[in-house]
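Heads up: the sequence lines are chains A and B, in that order. Its first residue numbered 0, the first sequence is counted upward by one per residue in numbering that gives the first Met the number 0. Its first residue numbered 0, the second sequence is counted upward by one per residue in numbering that gives the first Met the number 0. Quick reminder that beta carbons are idealized off the backbone N, C-alpha and C, glycines included. As the structure is a computational prediction, the values presented were derived from the model and not from experiment. I have placed the structure first, in the form of structure tokens, so that the comments after it can refer back to it.
Number of protein chains: 2
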Amino acid sequence: MVNKLSKLRELLDKNGIDAYLQPVHDEWMSEYPPACNRRVEWLCGFSGSAGLVVVTASKAAIFVDGRYTLQAAKQVSADYEVFNSADTSVQDWLFQQLGAGAKIGYDPKLYTKAMLEKFKSQNLIHTANLIDELWEDRPPAPATKIFAHDIKYSGESSQSKRGRVAEAVKKAGADAAFLSAPESVCWLLNIRARDTENTPVCLANALIDAGGNVQLYVDNARIDEETRSHLGDIKILPPDSLSGEICTFSQKKLLLDLQTASVFIGNLCEEAGVKIVQGQDPCVLFKAVKNPIEIAGIRNSHIVDGVAVVKLLCWLGGQENISELEVVDKILEFRKRNDLFVEPSFDTIAGSGEHGAIVHYRATQESNRILQQGELFLLDSGGQYQSGTTDITRTIAIGKPSAEHKKRFTQVLKGHIALAMAIFPEGTQGSQLDALARQYLWRDAVDYDHGTGHGVGCFLGVHEGPQSISKRAGGAALAAGMVVSNEPGYYKAGEYGIRIENLVTVVEKTTGENSKKFLGFETITCAPIDVNLIDTSLLTEAEINWLNNYHDWVKTELTPLLDAQERKWLEFYVRKI
Amino acid sequence: MVNKLSKLRELLDKNGIDAYLQPVHDEWMSEYPPACNRRVEWLCGFSGSAGLVVVTASKAAIFVDGRYTLQAAKQVSADYEVFNSADTSVQDWLFQQLGAGAKIGYDPKLYTKAMLEKFKSQNLIHTANLIDELWEDRPPAPATKIFAHDIKYSGESSQSKRGRVAEAVKKAGADAAFLSAPESVCWLLNIRARDTENTPVCLANALIDAGGNVQLYVDNARIDEETRSHLGDIKILPPDSLSGEICTFSQKKLLLDLQTASVFIGNLCEEAGVKIVQGQDPCVLFKAVKNPIEIAGIRNSHIVDGVAVVKLLCWLGGQENISELEVVDKILEFRKRNDLFVEPSFDTIAGSGEHGAIVHYRATQESNRILQQGELFLLDSGGQYQSGTTDITRTIAIGKPSAEHKKRFTQVLKGHIALAMAIFPEGTQGSQLDALARQYLWRDAVDYDHGTGHGVGCFLGVHEGPQSISKRAGGAALAAGMVVSNEPGYYKAGEYGIRIENLVTVVEKTTGENSKKFLGFETITCAPIDVNLIDTSLLTEAEINWLNNYHDWVKTELTPLLDAQERKWLEFYVRKI
Numbered sequence: 000m001v002n003k004l005s006k007l008r009e010l011l012d013k014n015g016i017d018a019y020l021q022p023v024h025d026e027w028m029s030e031y032p033p034a035c036n037r038r039v040e041w042l043c044g045f046s047g048s049a050g051l052v053v054v055t056a057s058k059a060a061i062f063v064d065g066r067y068t069l070q071a072a073k074q075v076s077a078d079y080e081v082f083n084s085a086d087t088s089v090q091d092w093l094f095q096q097l098g099a100g101a102k103i104g105y106d107p108k109l110y111t112k113a114m115l116e117k118f119k120s121q122n123l124i125h126t127a128n129l130i131d132e133l134w135e136d137r138p139p140a141p142a143t144k145i146f147a148h149d150i151k152y153s154g155e156s157s158q159s160k161r162g163r164v165a166e167a168v169k170k171a172g173a174d175a176a177f178l179s180a181p182e183s184v185c186w187l188l189n190i191r192a193r194d195t196e197n198t199p200v201c202l203a204n205a206l207i208d209a210g211g212n213v214q215l216y217v218d219n220a221r222i223d224e225e226t227r228s229h230l231g232d233i234k235i236l237p238p239d240s241l242s243g244e245i246c247t248f249s250q251k252k253l254l255l256d257l258q259t260a261s262v263f264i265g266n267l268c269e270e271a272g273v274k275i276v277q278g279q280d281p282c283v284l285f286k287a288v289k290n291p292i293e294i295a296g297i298r299n300s301h302i303v304d305g306v307a308v309v310k311l312l313c314w315l316g317g318q319e320n321i322s323e324l325e326v327v328d329k330i331l332e333f334r335k336r337n338d339l340f341v342e343p344s345f346d347t348i349a350g351s352g353e354h355g356a357i358v359h360y361r362a363t364q365e366s367n368r369i370l371q372q373g374e375l376f377l378l379d380s381g382g383q384y385q386s387g388t389t390d391i392t393r394t395i396a397i398g399k400p401s402a403e404h405k406k407r408f409t410q411v412l413k414g415h416i417a418l419a420m421a422i423f424p425e426g427t428q429g430s431q432l433d434a435l436a437r438q439y440l441w442r443d444a445v446d447y448d449h450g451t452g453h454g455v456g457c458f459l460g461v462h463e464g465p466q467s468i469s470k471r472a473g474g475a476a477l478a479a480g481m482v483v484s485n486e487p488g489y490y491k492a493g494e495y496g497i498r499i500e501n502l503v504t505v506v507e508k509t510t511g512e513n514s515k516k517f518l519g520f521e522t523i524t525c526a527p528i529d530v531n532l533i534d535t536s537l538l539t540e541a542e543i544n545w546l547n548n549y550h551d552w553v554k555t556e557l558t559p560l561l562d563a564q565e566r567k568w569l570e571f572y573v574r575k576i
Numbered sequence: 000m001v002n003k004l005s006k007l008r009e010l011l012d013k014n015g016i017d018a019y020l021q022p023v024h025d026e027w028m029s030e031y032p033p034a035c036n037r038r039v040e041w042l043c044g045f046s047g048s049a050g051l052v053v054v055t056a057s058k059a060a061i062f063v064d065g066r067y068t069l070q071a072a073k074q075v076s077a078d079y080e081v082f083n084s085a086d087t088s089v090q091d092w093l094f095q096q097l098g099a100g101a102k103i104g105y106d107p108k109l110y111t112k113a114m115l116e117k118f119k120s121q122n123l124i125h126t127a128n129l130i131d132e133l134w135e136d137r138p139p140a141p142a143t144k145i146f147a148h149d150i151k152y153s154g155e156s157s158q159s160k161r162g163r164v165a166e167a168v169k170k171a172g173a174d175a176a177f178l179s180a181p182e183s184v185c186w187l188l189n190i191r192a193r194d195t196e197n198t199p200v201c202l203a204n205a206l207i208d209a210g211g212n213v214q215l216y217v218d219n220a221r222i223d224e225e226t227r228s229h230l231g232d233i234k235i236l237p238p239d240s241l242s243g244e245i246c247t248f249s250q251k252k253l254l255l256d257l258q259t260a261s262v263f264i265g266n267l268c269e270e271a272g273v274k275i276v277q278g279q280d281p282c283v284l285f286k287a288v289k290n291p292i293e294i295a296g297i298r299n300s301h302i303v304d305g306v307a308v309v310k311l312l313c314w315l316g317g318q319e320n321i322s323e324l325e326v327v328d329k330i331l332e333f334r335k336r337n338d339l340f341v342e343p344s345f346d347t348i349a350g351s352g353e354h355g356a357i358v359h360y361r362a363t364q365e366s367n368r369i370l371q372q373g374e375l376f377l378l379d380s381g382g383q384y385q386s387g388t389t390d391i392t393r394t395i396a397i398g399k400p401s402a403e404h405k406k407r408f409t410q411v412l413k414g415h416i417a418l419a420m421a422i423f424p425e426g427t428q429g430s431q432l433d434a435l436a437r438q439y440l441w442r443d444a445v446d447y448d449h450g451t452g453h454g455v456g457c458f459l460g461v462h463e464g465p466q467s468i469s470k471r472a473g474g475a476a477l478a479a480g481m482v483v484s485n486e487p488g489y490y491k492a493g494e495y496g497i498r499i500e501n502l503v504t505v506v507e508k509t510t511g512e513n514s515k516k517f518l519g520f521e522t523i524t525c526a527p528i529d530v531n532l533i534d535t536s537l538l539t540e541a542e543i544n545w546l547n548n549y550h551d552w553v554k555t556e557l558t559p560l561l562d563a564q565e566r567k568w569l570e571f572y573v574r575k576i
């Protein structure tokens, strides 16, 4: 480690900079960077999903959020100071260490313009990625086979999608759009790959012009004959030719989403005289609104995923002294039984007792814990099926729950149901509905420190925009065909965690006066909710009806797909309340 | 009229412009422009509160919103085309008439930068105000006596306020702030005047530096000895010296709120080399959060205002064939009986039957209508009391209401109560709570086309920011001490309107985990709600309790202030449901 640090400091000197910034995220802004891009882990050993390392000539520090302070302290050497970024800002620390006007080096491929806003009082200097210069045994970039996402799942030909995107590019007044997000590229071309864990994407950029012509920047060797034929007249170009190609847009107008495009691309455009049209990635909104075939596939994925969850819960009910890691393995085993299952859609969160209160808990050999009587067990997991992506959280009472467990679970459930039953006019954003899910907890002066819902892709990212249901406004209005999670929770640090998560689709419910359309949600996650945790006296008749109807549907859908023992178990588990 | 138009066209020619823009609003961006600033009314006769006149060499047009299309058509001559700005945009019309690149003249004192955004594809040319050049018998600018707002109502000395604002100016990194909003100036200096109707302001600007020194730009003749002494070391300067004074800030930093400051001021700063620090008017947030003495005065204003409303309702109950205008006169008569009453806080909205569905209805001799049996009557009115500003809407059944009237009224009431009872963590914005008030209407696929709540000043504007409760996010978080309205409604065009409006204060309710404060509302409007309009079967027990408790409080507060007949009336009117 010290060796790496001292070598990095030599590079600081060589580049004439006083500090270097290395964030955990990579140039794809992806949630799950491939091994070759885990630069922070290589440098200092920290394996968390978010954080920033700063190295100066005499100091090294890592800034992480509250989730990761303990983990970082354990993983990094004494050469690094560990800071909670909520308590100590990187900027203040930099100012303390180096005073005003110090030269701060950074890799412009790793930052969007917005991300650099907070450093604007510093003297920022573009550099090459200094970690990459040092990393001798760096793994190669992922180059998994690129395969077609069948039209029986995507529901729309790439040609049709390209037509719609080309219209949007025209409407934005641009000659072409640069697609920086791999999810957009994969959606547009109906392709997938396994370049990262949990999200079946091909890490690639593309350009699409106002005529619908696409250039895909990816190693040609990754494309077999079948995929080549699927791609039709798409031009395949080597990734390192992208910069040159962008320069050919000199004096032309290029649509660029500055929320996701790196400073590197922005600078390249400016230097080449490309006129940047700022706007949202033209694929994002189209991708978020699923077509009927996608919806059908997603619904089906949720049925088969519900089967896996019921098998897990039934199995769990018959066991004693089960550990968190055994559950993680078991739910994967049950999901794998379905032919369309590809991989988990994120690292399974299996938190028993106090671990349930850690929102992004991941069980390890060291942390692994036995599920104990009288405790709650929180299981948040999901699958990537070729027909759709799932994400479900259930909280289960192990043995007899306490009155407090039941009160909190019921408050969370009431919020979940309030959102599930909401009706709202077209044009409504998720932020306007977020309080519906929190209101019962708020009345008791408690809350949960995460959003209530995120968009979900179709055999793509389990977290996708532009819509969300959270305290923060500014995403897109909810529109029929979107998929979003409904996941209120409650967390008592050191004791337990509760979360009830279903995915829902946005649907048209009715048309009101002046032809105004009113939307609502249809729950598509199909798995039972633990009635042992419900204090029925706190529920209204409407809430009780909602739960009983939901369980009737779960029973109807899943029973034919279960074995005799599981059927019997489910029959009792979803008994009327 | 034609004469005015042809003279205006001569000025277009003289100024070398192809069109001239004259909006209804004035240089104070005030809701109630004084006579001298009613330029649109002088030019074409239109007296509505919002709109824009555009005159070219051959055409003249007025663009108004849906509220005013009929009124405008009636008031303006055939020389003007009347457009609903929602259907026809001014920009499109200008482009049609004049093509691209035409020179559009405007008075930079009447526009903020944001207001001009929509014209950015035109060739905008600053001019003097061409109406002012033509208007020979223009009334003089209002110059009412400036008087102190007593500390027994304001609750904080101007010196203390200036200290807080100076800190904010410093914190923003500015040398001084320009206060463009008269309400801010009046709040800061604890002064008032009667320059406009309904809002007791002195139309004046001020500068405050980071040391707390203030320059007030107002005619010295308006300040008597007493007010002079109240103002202490405030420097009084003639309004026309403002431009010169701003130029003395050359190379210094001036805090400017571009939401309210005109393009004229912005340009002046740029030309003089003044460095503009963009930020919110430093008085706005302080003004919105009322101190305990203000709250006490505001509460008291609402009690005496409730007395006036009860007297009105009791009187109304004993009459037949009463007209809207009679009610407008009567409520004013009852309010005037209180010594602290100064004037209405806005033009009373007294809408019977179909007039109730016109959100900003104002009864005139022509529109005046008798309150009829079987109809609803909507009365939205308020008072400027020296101790506070009120704003209340009640909807009253005249005779027997229909089942539909009752269903809609009860849905609106349920929303009103849901908001009144809401508990939410510090940091919550009104937009997060807005859906609570709409949810019961939404379930029936109906909605109302206005915000649910606006901030209210203390013996100042009846509409003030930065907080609001509406679909639109982006205001300030609700904070203890703020006053805001709670006014859901429902409007059936051509038939009836319903609105239930109380003012509430934001209060701390409780402290939760991690010392997180939870806020809620305390209703301060003190007047009965018409129980004849309630379908009790649609209410929950909690809602019934809320209403009964509210009515108990109304009875307790008001009974001692009523005569025997009114007491008896109130006793029955607020009977338990």
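Residues near SER5 (chain B) by beta carbon distance below 8 Å, same chain, minus five either side
When the five nearest sequence neighbours on each side are left out, no beta carbon in the same chain lies closer than 8 Å to the beta carbon of SER5 (chain B).
For LEU206 (chain B) and chain A, any beta-carbon pair shorter than 7 Å?
Put simply, the CB of LEU206 (chain B) is far from chain A, with every gap to its CB atoms at 7 Å or more.
Please state whether DSSP places LYS379 (chain A) in a helix, a strand or coil.
According to the sequence provided, residue 379 (chain A) is Asp. The question's Lys does not apply to it. Looking at ASP379 (chain A) - three-state DSSP - the assignment turns out to be strand.
Thinking C-alpha only, which one of A:LYS335, A:CYS43, A:PHE177, A:MET420 is nearest TYR549 (chain A)?
The option with the nearest alpha carbon to TYR549 (chain A) is A:MET420.
Within chain B, partners of PRO424 (chain A) - CB distance below 7 Å:
Ordered by position in chain B, the residues that pass the 7 Å Cβ test against PRO424 (chain A) are TRP441, ASP446.
Proximal chain A residues relative to LEU435 (chain B), where beta-carbon distance stays under 9 Å
The contacting residues are ALA434, LEU435, GLN438.
List the residues that DSSP assigns as beta-bridge partners of SER536 (chain A).
DSSP, once it has assigned bridges, lists no residue as partnering SER536 (chain A).
Looking at chain A, is there any beta carbon in it that lies within less than 7 Å of the beta carbon of GLN466 (chain B)?
The Cβ of GLN466 (chain B) sits no closer than 7 Å to any Cβ of chain A.
Inter-residue spacing [alpha-carbon to alpha-carbon] between ALA417 (chain A) and GLY211 (chain A):
C-alpha separation (whole angstroms): 43 Å.
Touch check for the segment 14-23 of chain A and the segment 180-187 of chain A: three-plus C-beta pairs under 8 Å?
Output reads no: the segment 180-187 of chain A does not touch the segment 14-23 of chain A.
So, with DSSP's three-state summary, where would you put ASN531 (chain A)?
Helix at ASN531 (chain A).
Opposing strand residues paired with GLU500 (chain B) [DSSP bridges]
GLU500 (chain B) is bridged to B:THR392.
Using DSSP bridges, identify the partner residues of CYS81 (chain A).
Sequence check: residue 81 (chain A) is Val here, not Cys. For VAL81 (chain A), which the question treats as bridged, DSSP gives the partners A:ILE61.
What runs of the alpha helix (DSSP H), each 4 residues or longer, lie entirely inside the segment 278-316 of chain A?
Whole alpha helix (DSSP H) segments, 4+ residues: 283-287, 291-316.
Since I believe HIS229 (chain B) is in contact with PHE458 (chain B) (beta carbons under 8 Å), could you give me their beta-carbon distance rounded to a whole number of angstroms?
With a contact defined as Cβ atoms closer than 8 Å, PHE458 (chain B) and HIS229 (chain B) miss out at about 15 Å.
Contact list for LYS470 (chain A) against chain B, beta-carbon separation under 7 Å
What LYS470 (chain A) touches in chain B: GLN431.
Pull up the CB-CB distance for LEU254 (chain B) and ALA171 (chain B), whole angstroms please, since I reckon it's below 8 Å.
Indeed they touch by this definition, with Cβ atoms about 5 Å apart.
Determine whether the Cβ of THR509 (chain B) lies closer than 7 Å to any Cβ atom of chain A.
Yes, THR509 (chain B) counts as interfacial toward chain A.
Quick test of your reading: LEU469 (chain B) and ASP433 (chain B), contact by CB under 8 Å. State the CB separation rounded to the nearest angstrom.
Note that residue 469 (chain B) is Ser in the sequence shown here, rather than Leu. Between SER469 (chain B) and ASP433 (chain B), the beta carbon gap of about 6 Å places them in contact (Cβ cut-off 8 Å).
Report yes or no: is there a C-beta of chain D within less than 7 Å of the C-beta of PHE408 (chain A)?
Among the protein chains of the structure shown, namely A and B, there is no chain D.
Just checking: is the beta-carbon of PHE517 (chain B) within a distance shorter than 7 Å of some beta-carbon in chain A?
With 7 Å as the cut-off, PHE517 (chain B) counts as an interface residue toward chain A.
Using 8 Å as the cut-off, can you tell me whether the segment 186-200 of chain B makes contact with the segment 338-346 of chain B, which would need three or more C-beta pairs spanning the two stretches below that distance?
Segment contact: the segment 186-200 of chain B against the segment 338-346 of chain B, three or more CB-CB distances shorter than 8 Å; contact assigned.
Between which two residues does the alpha helix (DSSP H) containing VAL326 (chain B) stretch?
VAL326 (chain B): member of the alpha helix (DSSP H) spanning 323-335, first to last residue.
Closer than 9 Å, Cβ to Cβ, to anything on chain B: give me those residues from the segment 485-499 of chain A, in chain order.
Those would be LYS491, ALA492, in chain order.
In chain A, which residues lie less than 7 Å from GLU116 (chain B) when you measure between Cβ atoms?
In chain order: nothing, as chain A lies at least about 15 Å away.
C-beta atoms of ALA479 (chain B) and VAL506 (chain B) nearer than 7 Å:
Contact flag set, yes.
GLY355 (chain A) vs LEU370 (chain A) beta-carbon contact at 7 Å:
When the beta-carbon positions are compared, GLY355 (chain A) and LEU370 (chain A) stay at least 7 Å from each other.
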